[in-house]
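**Q** Numbering (UniProt numbering), first residue to last: 1 to 323.
Note that the Cβ used here is the ideal one computed from N, Cα and C, for glycine as well.
#1: Just curious, the beta strand (DSSP E) that residue 107 is in, first and last residue?
#2: In terms of residue numbering, what span does the beta strand (DSSP E) encompassing residue 217 cover?
#3: At the level of alpha carbons, what is the spacing between residue 155 and residue 80?
#4: Could you please give the first and the last residue of the uninterrupted alpha helix (DSSP H) stretch that includes residue 303?
#5: Which whole-angstrom value is the C-beta distance of residue 179 and residue 170, which I expect to be below 8 angstroms?
#6: May I ask you to list the residues that DSSP assigns as paired with residue 213?
#7: Give the range of the beta strand (DSSP E) segment to which residue 223 is assigned.
#8: So, residue 237 versus residue 129, is the Cβ gap smaller than 7 angstroms?
#9: Give me the Cα-Cα distance between residue 78 and residue 309, rounded to the nearest whole angstrom.
#10: By how many angstroms is the C-alpha of residue 221 removed from the C-alpha of residue 227?
#11: When DSSP builds the beta bridges, which residues end up paired with residue 151?
#12: With distances taken Cα to Cα, identify the nearest neighbour of residue 211 among 232, 244, 198, 292.
#13: Looking at C-alpha atoms only, which residue of 215, 273, 110, 115 is the closest neighbour of residue 251?
#14: Less than 7 angstroms between the C-beta atoms of residue 177 and residue 106, yes or no?
#15: Cα-Cα, which of 283, 278, 204 is closest to residue 86?
#16: Nearest-angstrom Cα distance between residue 74 and residue 138?
#17: For the alpha helix (DSSP H) holding residue 237, just list the boundary residues, first then last.
#18: Just to confirm, are residue 121 and residue 262 a CB contact at a threshold of 7 angstroms?
#19: Looking at residue 275: is its Cβ nearer than 7 angstroms to the Cβ of residue 299?
#20: For the candidate residues 140, 286, 101, 190, whose alpha-carbon lies nearest to that of residue 108?
#21: Within 10 Å of its beta-carbon, does residue 286 have 16 or more other beta-carbons around it, so buried, or fewer, so exposed?
#22: By the 10 Å Cβ neighbour count, where 16 or more other Cβ atoms means buried, how is residue 284 classified, buried or exposed?
#23: Looking only at its chain, what residues have a beta carbon closer than 7 angstroms to the beta carbon of residue 288, apart from the 5 residues adjacent to it on each side?
#24: If you draw a straight line from the C-alpha of residue 161 to the C-alpha of residue 114, how long is it?
#25: Return the bridge partner residues of residue 77 from the DSSP annotation.
#26: Can you tell me whether residue 293 is buried or exposed? The criterion is at least 16 other CB atoms within 10 Å of its CB, across all chains shown.
#27: Which class does residue 127 belong to by DSSP, given the choice of helix, strand or coil?
#28: Between the Cα of residue 314 and the Cα atoms of 248, 296, 200, 194, which residue gives the shortest distance?
#29: Can residue 193 and residue 219 be called in contact, C-beta distance under 7 angstroms?
#30: Going along the chain, which unbroken runs of the beta strand (DSSP E) with 3 or more residues stay wholly within the region 178-205?
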């Protein structure tokens with residue numbers, strides 16, 4: 001996968017290949033761990049950068065620390081339907097599987113910290129964050145093996161008080177300055193997102209029209225051992241990367257059709273909080289609420305699965321928009 005300033009993917013490891021295959025077929029695949037991670041390039045920068053603004057991304061999705069809080073980036077039913085229409089209209093999405101190998105996605109991890117060092121995550125923790133994502137997408141916690149893996153390619157470090165202290169006002173400037181690679185490179189930013197927001201992500205459908213905004217942003221305290229109460233096992237990175245690969249929240253559209261556009265995730269009237277075992281908010285629909293699904297808002301300790309249908313949707317999105 002090319003990591004540069006422009007261009008489409010130059011490395012495609014089995015597009016569609018293995019992405020629809022379940023856990024049994026890919027059980028032998030080994031997730032990257034901190035100890036196994038290859039040497040990565042590292043860049044460090046400091047000082048002030050101009051807060052130039054680009055166009056806001058067309059759509060994005062977030063994970064909130066307080067599920068009762070209002071999410072201004074929540075997709076409307078019309079926005080979700082349009083994203084689904086674009087996915088189904090993409091000719092490449094109709095291709096069939098051609099390989100049993102997992103798709104390995106290079107990750108450029110951007111650490112944005114304060115000039116006093118607050119938020120400066122060390123390399124070992126970055127490696128563990130990638131390992132947590134690999135275990136989640138690999139089905140090691142439960143659920144299916146989605147066929148996706150992640151490999152750390154580069155770490156950049158930027159000490160900038162203005163950026164660190166006001167992510168909302170500087171998001172586009174940060175991404176314009178730091179983002180690397182093409183549609184198939186996951187740019188993952190860690191920063192202080194405040195008390196209410198754990199992370200956010202763009203959707204793959206928006207890459208062509210606004211490539212510089214593409215990527216995942218997480219609060220620096222949500223990494224493994226980061227200290228964010230109830231949310232420091234690293235699953236915010238997994239959740240947001242699910243959006244980056246085309247998934248909606250499990251509670252999208254509530255109890256109304258078509259829900260989250262995935263057939264094997266039960267309908268859910270509203271986002272979950274804590275770990276409410278046995279909750280069923282759509283009693284007229286089959287199944288209890290998917291509180292353990294990575295695309296919900298449950299506490300990190302409660303999350304452990306993707307479904308086969310979600311794996312298929314991510315595979316279609318990858319083939320349509322990121323290869």
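**A** Judging by the given coordinates:
#1: 103-113 is the extent of the beta strand (DSSP E) around residue 107.
#2: 216-219 is the span of the beta strand (DSSP E), which, as asked, contains residue 217.
#3: Rounded to whole angstroms, residue 155 to residue 80 spans 33 angstroms at the Cα level.
#4: If you look at residue 303, you'll find it isn't in any alpha helix (DSSP H); DSSP assigns it neither H nor E.
#5: Going by Cβ atoms, the distance from residue 179 to residue 170 rounds to 14 angstroms, so no, they are not a contact pair.
#6: DSSP, once it has assigned bridges, lists no residue as partnering residue 213.
#7: For residue 223, no beta strand (DSSP E) encloses it, and the DSSP letter there is neither H nor E.
#8: Their beta carbons are under 7 angstroms apart, which means residue 237 touches residue 129 by this criterion.
#9: Rounded to the nearest angstrom, the two C-alpha atoms are 22 angstroms apart.
#10: The alpha-carbon atoms of residue 227 and residue 221 are separated by roughly 5 angstroms.
#11: Paired residues: 106.
#12: Cα-wise, what sits closest to residue 211 is 244.
#13: Nearest C-alpha to residue 251: 273.
#14: No, the Cβ-Cβ distance between residue 177 and residue 106 is not below 7 angstroms.
#15: With distances taken between Cα atoms, residue 86 lies closest to 204.
#16: So the two alpha carbons sit approximately 27 angstroms from each other.
#17: It spans 235-244 - the alpha helix (DSSP H) in which residue 237 sits, taken as one unbroken run.
#18: Cβ atoms of residue 121 and residue 262: not closer than 7 angstroms.
#19: Yes, Cβ-Cβ distance for residue 275 and residue 299 is below 7 angstroms.
#20: If we check each option's Cα against that of residue 108, 190 comes out closest.
#21: Under the 10 Å beta carbon count, residue 286 is surrounded by fewer than 16 other beta carbons and is classified as exposed.
#22: With fewer than 16 other beta carbons inside 10 angstroms of its own, residue 284 counts as exposed.
#23: If we look at residue 288 and ignore the five residues flanking it on each side, its Cβ neighbours are 266, 278, 279, 280.
#24: Straight across, the Cα-Cα distance linking residue 161 with residue 114 is about 5 angstroms.
#25: According to DSSP, which records beta bridges pairwise, residue 77 is partnered with nothing at all.
#26: It counts as buried.
#27: In this structure, residue 127 counts as helix in the three-state DSSP scheme.
#28: It is 248 whose Cα lies nearest to the Cα of residue 314.
#29: Yes, the Cβ-Cβ distance between residue 193 and residue 219 is below 7 angstroms.
#30: Listed in chain order, they are 186-191, 197-202.
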